[in-house]
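Each remark here refers to the structure printed beneath this line.
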Amino acid sequence: MSETNSVSKSKLHGLWALTNRELKKWYKAPVIFFLTIIQPVIWLGLLGNALNLGSLVSTSSITIPTEMASLFSQPQLAILDVFFSGLQDKILTSTFGTTSYISFMAVGMIAFTAVFTTMFSGMSVVWDRRLGFLNKVLSTPVSRAVIILSKVLSATLRSMFQAAIILIIALPLGFQFGAAFNPLNIFGVFAFLFLICLGLSSLFIAINIRSTRIETPMAVMNLLNLPLTFASSAFFPIDRMPGWLQAVANVNPLSYTMDGMRQLLINPVIDYSQLALQYAYVGIFALILTTIGIVLSWRFLNK
Amino acid sequence: MNEADAINAEGLTKVFNGSLVAVDHIDFSVKNGEIFGFLGPNGAGKTTTINMLITILKPTEGKASIIGYDIVKQSSEVRYSIGVVPQDYTADEDLTGYENIILCADLYGISREISKKRAKDLLELVELTSFKDKKVQTFSGGMRRRLELACGLINRPKMLFLDEPTLGLDVQTRAATWNYIKTLKKEFGMTLFMTTHYLEEADALCDRVAIIDHGKIVVVGTPSELKDSLGGDIITVAIQKEVDITRLVEKIEHVKEVKKENGSYMIKSENGEVTAPLIIEALRKAGHVVTRLSLTKPTLDEVYLQYTGKSLRDAEESGDTIRAKRLARARFRH
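Sequence lines, in order, name chains A and D. First residue of the first sequence: 1, per the numbering used here; consecutive thereafter. First residue of the second sequence: 304, per the numbering used here; consecutive thereafter.
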């Protein structure tokens, strides 16, 4: 009575079903969906303006004192003005790689969102275990790796959607594409995002895979997420950081992701050898962490 | 090992954390097409046994096969051939009943065309068709249990595992669940393995039961075999005068044993309905006035009492065991 020929015995069956289950919790719940769109707006609006480091070197802060101004003729003053604003652009470009801090920041925001989304997907492993859903899935012929991969994939797709929202919202807030920008670069940005989400979400799932309580992983992740975000180039360029922090930021895969994305989006020129290095670094990070995640799923989901 | 057996377990053992023996070298077999009940108090090892059989726990020792597939070496084949209705409500609350069934179907790799048709049939079977597009969080306990049943049947399993299928259900829903279980056996010829701690449930549904206590199987047999092993029905008689009638009653046909207790007589007899009138007649002939007579058919409760030395409902776990179990659960979650 079993229709064996109708059953797919592929190693990856159930992957989309489980991924879609996670996504449905999000796109079928209007409130949650709305909040995930609103959240980057608020962050970008608040952090982008409250932390506007670009304004520190704005022309208005470098005015020529009146007693000095009387020494110059009108044409000379005009030349000085141009000189100062040029200087401001130079400082901004050499610091942030763009004259617009909000553009620098928006890219950091994309990575920041990826960290949070993947973090919560990691925690959902604990819920599935507690609610018995995990046990049910384990009694079906779904591959153990698929259970983990579905979590990874859903977090990745959500992050990619949020990244697109951030970019769209950043435009009216003053986001400026770099001179080297080409619409095709967007695909490159999503490739970076895909890789970093793969790695991060595998990392967070690995932390959670044996937990039956939500408190422990939450503590661990709260400990991890701030250093992960701030010891990176999310809000401030690495070469302006103190040496010890630079050392941390320089191994942080988030820095490579963001620097790569900035090259593709906002920098005046793209250094392709750097870009290749950044892809390689993030790619290897993703590969190693995903492998660890899958190995742990074999080890700990099957008790 | 008999090839025709649906389940064959030999020396199956599970030890948690190297010291807590949850299941201790159990041997049993379940025949094709029967309903097999696993009976025991909480913490006796029922769920641990089921979890080993449905391949989500690895046995520490021993082996078992389901429909001829080894639960460790051929776990994938086992998973394809079984259905599981767990003790917890495992359906995703954020999804609708229909979406949950389709999700289960996808986990078995069933093509959409077939799963749609099966989902429709199953929703009808468990009478949830009119609720199929409601989110599961709005379902009552009984509805959720029925949904679990539908999910467990989506792959047309040859063998269905039910872990405490009626735990926490009201009397009406419990009766309905019993009906579904009987239907499954009759219409699909399915083999069912269920755990329960309701004795009347095991009595009404199961072809054979095993009583498990402290991780060990104490006795296996059909409910009537087990009840008969107690030595038959119990007839309680009281008479007006303070005279010993033991010798008199012992001579009556079918009577096996007479015990005097608190002024009345407990008489064991194989066929109570036939023996009781004989007793009354004999007593009347001897000039005694019978003031009270009652006939008790043995229940599994008495069987349980006989084999474990305690009543099933009173079998409380000691504080130490509970703590050790919790620790083990915290690590392994069943």
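Glycine included, each C-beta is placed from N, C-alpha and C at the ideal position.
- Of all residues in the segment 12 to 45 of chain A, only 13, 14, 16, 17, 18, 21, 24, 25, 28, 29 place a beta-carbon less than 8 Å from a beta-carbon of chain D.
- With contacts defined by Cβ atoms closer than 8 Å, residue 463 of chain D and residue 512 of chain D do not form a contacting pair.
- At least one CB atom of chain A sits nearer than 8 Å to the CB of residue 412 of chain D.
- Residue contact check for residue 139 of chain A against chain D: a CB pair falls below 8 Å.
- Close to chain A, meaning a Cβ-Cβ distance shorter than 7 Å, are the following residues of the segment 358 to 386 of chain D: 358, 359, 360, 361, 379, 382, 383.
- Relative to residue 361 of chain D, the option among D:369, D:374, D:349, D:479 whose CA is nearest is D:374.
- As DSSP reads the structure, residue 568 of chain D sits in a beta bridge with D:540, D:563.
- The C-beta of residue 382 of chain D has 16 or more other C-beta atoms within 10 Å across all chains shown, which makes the residue buried.
- Ranking D:493, D:391, D:421 by CA distance to the CA of residue 445 of chain D puts D:391 first.
- Among the residues of chain A, none has a CB under 8 Å from the CB of residue 441 of chain D; the nearest is roughly 14 Å distant.
- When 7 Å is used as the limit between beta carbons, residue 409 of chain D is near these residues of chain A: 14, 17, in chain order.
- In terms of beta-carbon proximity, residue 486 of chain D stays away from the interface with chain A, with every pair separated by 8 Å or more.
- Between the alpha carbons of residue 174 of chain A and residue 106 of chain A lies a distance of about 10 Å.
- DSSP places residue 369 of chain D within a strand segment (E or B) once states are collapsed to three.
- Shortest Cα-Cα distance from residue 268 of chain A to any of A:151, A:82, A:95 involves A:95.
- For residue 465 of chain D, the enclosing beta strand (DSSP E) begins and ends at 462 to 466.
- Think of a sphere of 8 Å around the beta carbon of residue 393 of chain D: the chain A residues whose beta carbon falls inside it are 131, 132, 133, 135, 136, in chain order.
- Within its own chain, the residues whose Cβ lies closer than 6 Å to the Cβ of residue 529 of chain D, once the five positions on either side in sequence are excluded, are 606, listed in chain order.
- Per DSSP, the beta-bridge partners of residue 596 of chain D are D:540.
- Between residue 582 of chain D and residue 564 of chain D, the alpha-carbon positions lie close to 17 Å from each other.
- One thing to note: residue 497 of chain D has its Cβ no nearer than 8 Å to the Cβ of residue 461 of chain D.
- In the DSSP assignment, residue 262 of chain A falls within the alpha helix (DSSP H) that extends over 253 to 265.
- Proximity of chain D to residue 10 of chain A at the Cβ level (cut-off 9 Å) is accounted for by 412, in chain order.
- Residue-level contact check: residue 424 of chain D does not touch chain A, since none of the beta carbons of chain A fall below 8 Å from its beta carbon.
- The segment 249 to 261 of chain A and the segment 151 to 161 of chain A do not touch, with fewer than 3 CB-CB distances between them shorter than 8 Å.
- Annotated three-state conformation of residue 175 of chain A is coil, per DSSP.
- Residues of chain A whose Cβ lies closer than 9 Å to the Cβ of residue 601 of chain D do not exist, since the nearest Cβ in that chain is about 36 Å away.
- Closer than 9 Å at the C-beta level to chain D, one finds no residue of the segment 240 to 253 of chain A.
- For residue 411 of chain D against residue 458 of chain D, the beta-carbon gap comes to about 4 Å, under 8 Å, which counts as contact.
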